[in-house]
Every structure is written in structure tokens, then in C-alpha cells.
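Below: the structure, in C-alpha cells.
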Amino acid sequence: MPRTPHASVKLKHRITSLERWGMRESADFQSQSVACIQEAGFNGVLVNGGSGIGPDMMTPESLVHSDVIPDLMPRTIKGNQREMNRRCELLTEVDIKPWICMWGVPGADTSSGTAAAESNRLFSRLTRHEIQAKFDRTPDIFGQRGAGGLSWRGSRPLCISHPTVQAYYRDLIQQLIKTYCLQGIFYFPGDHQPETCDDNCPRCKATGKDSWQRMLEYVNMLYEAAIGVNPDFKMYFTFWNVRDTDPERARIKQMISQLHPGLGICMSLSDVGYDERPGGQMQFDQPWVIRAQPGELFVTTAKLAHEQQRPIMAMGEISQAELWDPVCHNMPNPQKVLQWLTHANQVPGIDAICDFWGHRRPYHSHANHRAMHAWLDDPTASHDVLLQRSIAAHYGLPDDKPQLLEQAIACQKAFDKTVDEWALLAWSQRFSYAIGRDAARGRLYTALIPQTFKKIDAGFWDQRFKVQCEDGMRFMELQLKDSKAWLKIAEQFNEWSIQLDAAGNMAGARLAKRESLNIALAAELIASQGRTLGSLHAYNTGDTQSLGQIIDQEIDARERQLLITGELGDGAGINVRLVSEDIQNMRLYLSHDAFPDVDDALFSFTATPYTV
Numbered sequence: 000m001p002r003t004p005h006a007s008v009k010l011k012h013r014i015t016s017l018e019r020w021g022m023r024e025s026a027d028f029q030s031q032s033v034a035c036i037q038e039a040g041f042n043g044v045l046v047n048g049g050s051g052i053g054p055d056m057m058t059p060e061s062l063v064h065s066d067v068i069p070d071l072m073p074r075t076i077k078g079n080q081r082e083m084n085r086r087c088e089l090l091t092e093v094d095i096k097p098w099i100c101m102w103g104v105p106g107a108d109t110s111s112g113t114a115a116a117e118s119n120r121l122f123s124r125l126t127r128h129e130i131q132a133k134f135d136r137t138p139d140i141f142g143q144r145g146a147g148g149l150s151w152r153g154s155r156p157l158c159i160s161h162p163t164v165q166a167y168y169r170d171l172i173q174q175l176i177k178t179y180c181l182q183g184i185f186y187f188p189g190d191h192q193p194e195t196c197d198d199n200c201p202r203c204k205a206t207g208k209d210s211w212q213r214m215l216e217y218v219n220m221l222y223e224a225a226i227g228v229n230p231d232f233k234m235y236f237t238f239w240n241v242r243d244t245d246p247e248r249a250r251i252k253q254m255i256s257q258l259h260p261g262l263g264i265c266m267s268l269s270d271v272g273y274d275e276r277p278g279g280q281m282q283f284d285q286p287w288v289i290r291a292q293p294g295e296l297f298v299t300t301a302k303l304a305h306e307q308q309r310p311i312m313a314m315g316e317i318s319q320a321e322l323w324d325p326v327c328h329n330m331p332n333p334q335k336v337l338q339w340l341t342h343a344n345q346v347p348g349i350d351a352i353c354d355f356w357g358h359r360r361p362y363h364s365h366a367n368h369r370a371m372h373a374w375l376d377d378p379t380a381s382h383d384v385l386l387q388r389s390i391a392a393h394y395g396l397p398d399d400k401p402q403l404l405e406q407a408i409a410c411q412k413a414f415d416k417t418v419d420e421w422a423l424l425a426w427s428q429r430f431s432y433a434i435g436r437d438a439a440r441g442r443l444y445t446a447l448i449p450q451t452f453k454k455i456d457a458g459f460w461d462q463r464f465k466v467q468c469e470d471g472m473r474f475m476e477l478q479l480k481d482s483k484a485w486l487k488i489a490e491q492f493n494e495w496s497i498q499l500d501a502a503g504n505m506a507g508a509r510l511a512k513r514e515s516l517n518i519a520l521a522a523e524l525i526a527s528q529g530r531t532l533g534s535l536h537a538y539n540t541g542d543t544q545s546l547g548q549i550i551d552q553e554i555d556a557r558e559r560q561l562l563i564t565g566e567l568g569d570g571a572g573i574n575v576r577l578v579s580e581d582i583q584n585m586r587l588y589l590s591h592d593a594f595p596d597v598d599d600a601l602f603s604f605t606a607t608p609y610t611v
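Going by numbering that gives the first Met the number 0, the sequence shown opens with residue 0, and the numbers climb by one from there.
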């Protein structure tokens with residue numbers, strides 16, 4: 000049974016998810032994983048998926064039958080109900096509450112010729128086919144989204160201005176609550192704009208309301224239906240990717256005033272904060288596991304919500320992180336977790352947190368989870384005391400050997416300081432984006448060949464890095480410097496592992512060794528990002544000599560990364576098959592007589608879902 004947190008803890012609902020970045024798998028939802036998050040202190044799970052607001056989650060529409068639209072996707076529902084029942088039974092056994100994530104409105108997709116269209120073909124693919132068949136039969140209940148507004152949910156969503164669709168969603172919510180005993184809904188409107196119909200839908204345009212107004216009315220309708228079944232039902236509306244401008248602040252204020260009085264709001268605690276970093280000022284928005292301070296926009300938004308007595312949910316990263324995933328696993332950031340929880344607990348009106356990126360296998364002891372556990376037990380203790388308790392429990396250190404604890408704390412503090420000094424210049428340096436969600440082929444980690452340079456040259460540098468850094472060579476210089484510092488920390492963790500092994504603590508030694516390898520891999524990947532933009536600069540300026548040297552260095556680095564991946568084993572590392580292929584393409588490029596202007600047709604790549 001979950002333990003009772005300290006009386007001063009205001010974070011009543013502590014929500015996470017169990018999956019590999021939104022991918023629909025049952026492997027991460029097992030007894031071992033549920034026990035792991037319960038021990039950390041989580042008491043709610045987004046049972047249909049939703050780590051990183053997962054695009055391939057089991058959508059709520061695919062979880063229960065509704066007589067209002069009985070033929071929407073009956074076969075998909077049958078399969079998903081089996082999996083949902085299994086998950087809910089696992090949670091019930093340990094008194095963890097099921098929640099669901101709702102992301103916009105799904106539908107059929109008829110778009111083509113854009114990256115978003117390709118994403119829509121690949122994501123939500125297990126439900127898209129049946130919806131497409133329903134669209135062919137009764138297109139009238141579906142609306143329209145323009146090509147420029149597409150993200151994850153298709154160009155022909157169910158139209159929330161259609162009376163039948165409205166009746167369907169009222170029934171859907173009530174059936175979900177009754178069937179799965181849900182405690183709450185985490186509502187995510189969309190990555191940029193509301194992922195519902197836009198003004199390309201004649202029915203929605205005829206309402207005279209903009210897409211945000213229509214969505215708010217829809218969300219209010221969902222909440223009213225929910226409390227009709229359970230008056231204590233929880234629902235939080237998320238503000239996401241909001242820019243810190245006067246018009247956006249005004250829109251937030253207006254939207255909060257239009258939400259149903261019982262609805263809570265959710266926002267990343269980091270929105271919008273600034274740090275001075277080597278190379279320039281870094282703006283933090285969305286969750287960052289390495290930043291604990293509340294952002295200015297979050298503080299303002301939370302104050303508005305609290306003035307209306309709305310519950311507040313803070314979003315952050317505790318278990319895994321978009322910054323590190325999928326290549327690095329269980330990265331040790333316990334100091335930031337302790338600070339983040341402390342800051343979140345101080346927000347007036349807060350009663351919930353959401354672990355944005357969720358957790359995934361393998362389920363080793365995790366320093367971040369130990370920190371959360373220690374904080375929930377006694378948040379009134381000092382930061383240093385909580386860190387000591389966390390680290391001692393994490394490595395299994397005995398009380399009679401204080402020197403071991405001192406060495407462990409020194410490692411953690413050294414890594415924390417090094418992360419704080421990292422030359423972060425843009426959101427795009429997150430590994431999930433830069434290295435890639437397939438652990439390869441990201442925007443800053445692929446084969447350094449002409450077609451790559453042509454692809455990332457189209458505004459990428461100007462939009463994301465130029466303001467902070469004068470050119471790609473300077474960016475590379477900063478990242479190579481950081482990489483050296485991180486490799487020193489990796490060696491410090493490795494030496495700590497050796498000391499634990501000598502002391503007879505084999506389990507602790509294995510954890511420290513794995514952390515050392517993850518930090519070493521991160522160090523190598525930071526340098527790889529730098530070489531990508533350094534080689535881009537050399538290619539664009541005709542510096543053939545530097546281009547060849549950088550690519551040669553990157554080939555050596557990727558081979559080191561393959562070795563580290565082999566040592567790490569399950570759950571971490573780069574994609575061996577794809578990276579090996581990229582190495583071969585770079586070797587071909589350097590060895591060709593036409594270098595640096597080698598024909599794209601000579602190179603070959605295995606297609607992957609996440610390269611769009």
C-alpha cells in the first residue's frame with residue numbers, strides 16, 4: 000500500500016506513465032514497473048499512455064463502446080479494453096489510481112505531401128484504419144483541419160460542433176469513468192494550436208468562434224459530463240507552448256476565466272524561465288529535468304488560477320526526460336528533483352504534479368526516484384540531508400562508512416554543476432529531438448553527408464541557434480568543451496563504482512557503473528551535436544579540409560558510442576543498426592573522388608518512423 004506523505008506535502012495527486020515515449024507497448028506496464036513507481040511515491044498513472052503526451056497512446060475514443068457512434072472503431076475497442084482491464088487491475092492491487100490522457104480530437108487523415116501528413120500516417124496507426132472506414136461511411140460527423148495546422152491527430156477530426164459528436168463525447172466520458180474507475184483526466188489541447196477542427200471546417204467556422212473558444216466549450220462539456228457521474232472527478236486543462244508575450248498572457252487570462260469553475264489548470268513549472276549559459280541566454284519552456292526554478296509565465300498563470308480557486312498541476316520530469324531519452328536511461332539528477340518538488344510544493348493552490356516523460360524499463364534503482372521518496376517522507380529536512388538520504392538508499396550504503404557517502408555526494412554534486420554549465424542554446428539540443436526518437440537520425444545526429452546539410456540548412460541554424468551563437472564552428476567549440484567536462488564526470492562515477500566494488504557492494508557498483516556509462520554516452524552525443532553544426536558550417540563555407548577532419552572525428556566518436564552502447568545493455572544506447580549504417584555512408588562520402596559534392600543517389604538509408 001502507498002505510504003502517507005508528510006503532512007506538509009500539498010501534492011496530493013502525483014501522476015506518471017509507463018511506456019517508451021508514447022509507444023503502445025505492454026512490456027512497460029507490468030507488476031515490477033507498478034511497484035517501482037509506487038515506491039518512488041507516485042499514486043496515479045495515465046493508464047492509456049501519455050509519456051511526453053504520447054502521440055501513439057490508446058486514445059479515449061478507442062477504450063469504450065458508445066451507443067451514440069457504435070461503429071467508430073469497435074474492433075480496436077475490443078482489443079484495447081482487454082489491455083486497459085489488465086492495467087487497471089495491476090494498479091488497483093497497489094492502490095494507484097488510473098487517470099487518462101486526452102489529446103485533442105482524433106480522426107481520419109486525408110492529407111499528403113507534408114511532414115505532418117507522414118507523421119499522421121505512422122502515428123496512431125493502430126486506430127486510424129477503423130476511423131478511416133467510418134469517415135468513408137459517414138463523413139458528415141468529421142470536420143477539417145488545414146495542412147498548416149496538422150500535428151498528430153489527422154486532417155479530418157471528429158467535429159466537436161456537430162450535435163451527434165457532442166452527444167458522443169458526453170457519453171464517452173461517462174462510460175470511461177464507470178468502466179475504469181478513473182480518478183481524473185489530464186487534458187492536452189495540442190502541440191501548438193487546438194488539435195480539433197479549425198476554420199477550414201465550414202460547420203465550426205459558422206459558429207463565429209475561434210478554435211480556442213470552441214475547444215474550451217468542448218472541455219467544459221466533458222467536465223460537466225464527468226462530474227455528473229462522479230462529483231469529485233479531477234480534470235486539468237494544459238497550457239502548452241505558450242509564448243511569453245502580452246497577447247499570449249491576455250489569452251491565458253481570458254481562457255482561465257472561461258473554463259468551468261471546477262476545472263484545474265496544468266503547466267510546466269519551467270515556463271518561461273531564463274538562464275545565462277556559455278554562448279548566450281537560454282530560454283526554458285516545457286519541462287526540463289535539469290531546471291527546477293519556476294518560470295515567470297508559470298508563476299503568473301498559477302496566480303491567475305489560484306485567484307479563481309482552481310486546482311493547479313505542475314508538469315515536470317522526474318523519472319525519464321525528453322532531454323536524455325531514448326539514448327540515456329535513469330540519468331542521475333536527484334538534486335534537481337529535490338529542488339523541483341520543493342518549488343512545486345510552494346505554489347499557492349497546487350495539488351498535483353505530472354511526470355511528463357514517464358518511466359520505462361529496465362527498472363533499476365533510480366537516484367531521482369530515491370530523491371522523490373525521501374522528499375515525500377520529510378520535505379522539511381534540508382536539501383543536503385535529503386540528498387544524503389536519497390543517495391545512501393540508492394546505492395545501499397551502510398551507516399558505518401560515512402566516507403562512502405561523502406564520495407557519492409561528491410559525484411552527484413560534480414555532475415549537477417557540470418550540467419548547470421552546459422552550453423545549452425536551444426530546445427533543439429534535447430536528445431529526443433537532436434539525437435532522435437529512434438536513438439539515431441535526429442536533427443543533429445545523422446550521417447554527415449550533403450543531403451543532411453541541405454536538409455538542416457533550410458532555416459534550422461537561423462531559427463534555433465544564430466541568435467545565441469555566431470556560427471556552427473563556435474557552437475561546436477562550446478559543445479566539445481562541455482563534452483570533455485562530462486567525460487571527467489563519467490570517469491569520477493567509474494572510480495566510485497570501483498570503490499563500491501572493493502567495499503563488497505556489488506549492487507551499488509553496478510548502478511554507479513551504469514550511471515558512468517550513461518554520462519559518458521551523453522558526453523559523446525553532446526560533441527556529436529557540435530560536429531553536426533560544425534560540419535554544416537564547413538560545408539556551406541567551402542572549407543573542405545575542416546569538413547573532412549570533422550567527419551573523420553565523428554566516425555571515431557560514433558564507433559566509441561557503439562562500444563558504450565554494448566556495455567550499457569538493455570534500455571539505453573544508440574541504435575546500433577542505424578548508426579552503423581550512417582558510419583558507412585560517411586566513409587563512402589570521405590573516400591569518394593567527388594568529395595565534398597557527392598551525388599545523393601550513392602547513399603542508402605533504412606527508413607525509420609521518426610525521421611519525418
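Glycine included, C-beta positions come from ideal geometry on N, C-alpha and C.
In this text the structure is predicted, and so the values were computed from the model without any measurement.
Close beta carbons around C35, own chain, < 6 Å, minus the five adjacent residues each side: Within the same chain, C35 has close Cβ partners Y362.
Which residue's Cα is closest to the Cα of V104: Q80, R136, V346, P188? Here the closest residue by C-alpha is P188.
Would you kindly work out how many angstroms separate the C-alpha atoms of Q282 and E420, rounded to a whole number? In a straight line, the C-alpha of Q282 is about 15 Å away from that of E420.
Determine, using beta-carbon pairs with one atom in the stretch 220-235 and one in the stretch 255-270, whether at least three such pairs fall under 8 Å. A contact exists between the stretch 220-235 and the stretch 255-270.
On the CB-based measure, 16 or more other CB atoms within 10 Å of its CB, does I623 come out buried or exposed? With the chain covering 0 to 611 only, the question about residue 623 has no answer from this structure.
Beta strand (DSSP E) runs wholly inside the stretch 250-313, at least 3 long, in chain order: Counting whole runs of 3 or more residues, the stretch 250-313 contains the beta strand (DSSP E) stretches 263-267, 272-276, 279-283.
Looking at C-alpha atoms only, which residue of E523, I448, L337, K454 is the closest neighbour of Q478? Ranking the options by Cα distance to Q478, first place goes to E523.
Buried or exposed: where does R136 fall if 16 or more other Cβ atoms within 10 Å of its Cβ makes it buried? It is exposed - the Cβ of R136 has fewer than 16 other Cβ atoms within 10 Å.
Would you tell me roughly how many angstroms separate the C-alpha atoms of K400 and Q528, rounded to the nearest one? Counting only the Cα atoms, Q528 lies some 41 Å from K400.
Out of L532, L577, W426, K512, which has the shortest C-alpha to C-alpha gap to Q285? Check the Cα spacing between Q285 and each of L532, L577, W426, K512: the tightest is with W426.
If distances are taken between C-alpha atoms only, which option among T605, L567, L486 comes closest to E580? The shortest C-alpha separation from E580 is found at T605.
I'd like the list of long-range same chain contacts for F232, defined as Cβ closer than 6 Å, with 5 residues on each side in sequence excluded. Hits under 6 Å: A225, I226.
Provide the residue span of the beta strand (DSSP E) that contains W426, from first to last. Counted as a single uninterrupted DSSP element, the stretch harbouring W426 is not any beta strand (DSSP E), since DSSP gives it neither H nor E.
I'd like the span of the alpha helix (DSSP H) that includes Y538, first residue to last. In the DSSP annotation of this structure, the continuous segment of the alpha helix (DSSP H) that includes Y538 starts and ends at 505-540.
Beta-carbon proximity list for K512, same chain, < 6 Å, skipping 5 on both sides: Taken in chain order, the residues that qualify are S496.
Does Y362 come out as helix, strand or coil in the three-state DSSP assignment? DSSP, read as helix, strand or coil, puts Y362 in coil.
Here's the rule I'm using: 16 or more other beta-carbon atoms within 10 Å means buried, otherwise exposed. How should Y335 be labelled? Checking the sequence, you will find Lys at residue 335 rather than Tyr. Classification of K335: buried, given that the 10 Å Cβ count is 16 or more.
Pick out the complete alpha helix (DSSP H) segments inside the stretch 41-115, 4 residues or longer, and give them in chain order. Correct list: 73-92.
Distance, I390 Cα to E405 Cα: Roughly 10 Å between the two C-alpha positions.
How many angstroms separate the CA atom of F452 from the CA atom of I264? One Cα belongs to F452, the other to I264, and the distance between them is close to 42 Å.
Candidates V271, T300, R276, of which the one nearest Q292 by Cα: Each of V271, T300, R276 was checked against the Cα of Q292, and the nearest Cα belongs to V271.
Does C203 come out as helix, strand or coil in the three-state DSSP assignment? C203 carries a helical assignment under DSSP once its states are collapsed to helix, strand and coil.
Take every Cβ of the stretch 165-173, pair it with every Cβ of the stretch 65-79, and state whether three or more of those distances are shorter than 8 Å. Taking 8 Å as the limit for Cβ pairs, the verdict is that the stretch 65-79 does touch the stretch 165-173.
If contact is defined by three or more beta carbon pairs under 8 Å, each pair taking one atom from either stretch, is the stretch 571-579 in contact with the stretch 324-340? Yes, since at least three Cβ pairs between the stretch 324-340 and the stretch 571-579 fall closer than 8 Å, the two stretches touch.
Determine the DSSP secondary structure at I184, reduced to helix, strand or coil. Assigned with DSSP and collapsed to three states, I184 falls in strand.
Residues in the same chain with beta-carbon distance under 7 Å from D569, minus the five sequence neighbours each way, listed in chain order, please. The residues P361, in chain order, have a CB closer than 7 Å to that of D569 in the same chain once the five nearest residues on each side in sequence are set aside.
Cβ contact (3+ pairs, closer than 8 Å) linking the stretch 366-376 and the stretch 35-45: Contact holds between the stretch 366-376 and the stretch 35-45, because three or more Cβ pairs, one in each stretch, are under 8 Å apart.
Could you tell me the alpha carbon to alpha carbon distance between A274 and V288, rounded to whole angstroms? Going by the sequence as given, residue 274 is Asp instead of Ala. One C-alpha to the other measures close to 14 Å.
When the Cβ atoms of the stretch 439-450 are set against those of the stretch 584-601, are three or more pairs found closer than 8 Å? Yes, the stretch 439-450 is in contact with the stretch 584-601.
Within the 8 Å Cβ cut-off, does N79 reach chain B? In summary, chain B is missing from the structure at hand, where a single protein chain is found.
Relative to the C-alpha of Q31, which candidate in T3, T206, H358, R81 has its C-alpha closest? Comparing Cα-Cα distances from Q31 to each of T3, T206, H358, R81, the minimum goes to H358.
List the whole-angstrom C-beta distance separating L45 from I14, where the pair is believed to meet the contact cut-off of C-beta under 8 Å. Their Cβ separation, rounded to whole angstroms, is 6 Å, which keeps L45 and I14 in contact under 8 Å.
Just curious, the alpha helix (DSSP H) that C410 is in, first and last residue? Counted as a single uninterrupted DSSP element, the alpha helix (DSSP H) harbouring C410 occupies residues 401-419.
P378, buried or exposed, once every other Cβ within 10 Å from all chains shown has been counted against 16: Buried, because 16 or more other Cβ atoms sit within 10 Å of the Cβ of P378.
Less than 8 Å between the C-beta atoms of W485 and A438, yes or no? No, Cβ-Cβ distance for W485 and A438 is not below 8 Å.
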